[in-house]
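As structure tokens, the structure follows; a few thoughts come after it.
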Amino acid sequence: MEDLTVSQQQVIETERFDLRPVRMSDRGMIEHYASDPRVAMRTASIPHPLPPGVIESFITRATSTPRTEDVWVMDGLKTGGSEVMGVISLIRMDRDQSEVGYWVAPAFWNTHLASEAVQALVQANPLRNKNMFASVFRDNPASAKVLTNAGFRYLGNAETYCLARETCVPTWTYSHKL
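Heads up: the sequence shown is residues 1 to 178, going by UniProt numbering.
This is the structure in structure tokens:
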């Protein structure tokens, strides 16, 4: 993570929702969804139960300068949806690369929200990446389908420590050359 230069984070528009920078006013809804074990168990970085202050610290880091991660909220207000439906991020890596991470609130599962968000982020390529990477837990094939639908290619198997499960979990790793 060499270059931590931070520019103004852009809003990325889709027909159904906007990907907009996270803000502190999102804390309550993000805490509500992130405290759901179904969400936490599908991410590497959300502990369960969710300790006090974790989401506030996450938002503080995501809105600071410099930062290593740009975070967007999936905001459906423009079409009468919820202000927070999920979160998607890019973690900066060296050599113009980033790692994509995302989760969707259970109320919006099976609505193709994650697919649209990942595709919009790849198309916008806000960090002007040459490559994007992502990994998903192998017991979450729907998330793997989100990546392949967005043009990611399978790289191989690995494992990642999951805070909520308190163990290493087998993963599939993907990349997308831009």
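All C-beta atoms, glycine included, are put in the ideal place defined by N, C-alpha and C.
Going by DSSP, name the residue or residues bridged to Met74. BP columns for Met74 point to Leu19.
For Arg20, which residues of its own chain have a beta-carbon under 7 Å away from its beta-carbon, when the five flanking residues on both sides are left out? Excluding positions up to five away in sequence, the list reads Val11, Trp72, Val73, Asp75.
Opposite Phe152 in the DSSP bridges: which residues? BP columns for Phe152 are empty, so no partner.
Roughly how many angstroms separate the alpha carbons of Val54 and Arg38, rounded to a whole number? One C-alpha to the other measures close to 17 Å.
Exposure label - Tyr102; buried when at least 16 CB within 10 Å: Residue burial annotation: Tyr102 is buried, with at least 16 other C-beta atoms found within 10 angstroms of its C-beta.
So Ser98 packs on Ile91, CB below 8 Å; how close in whole Å? Sure, about 6 Å apart at Cβ, within 8 Å.
Find the nearest neighbour of Ala107 within the set Asp36, Leu147, Lys177, judged by alpha-carbon distance. Considering only alpha carbons, the answer is Asp36.
May I have the straight-line CA-CA distance separating Val84 from Asp94, to the nearest angstrom? For the pair Val84 and Asp94, the Cα-to-Cα distance works out to about 30 Å.
Whole angstroms is fine: what's the gap from Ser41's alpha carbon to Arg165's? According to the sequence provided, residue 41 is Met. The question's Ser does not apply to it. So the alpha carbons of these two residues sit roughly 6 Å apart.
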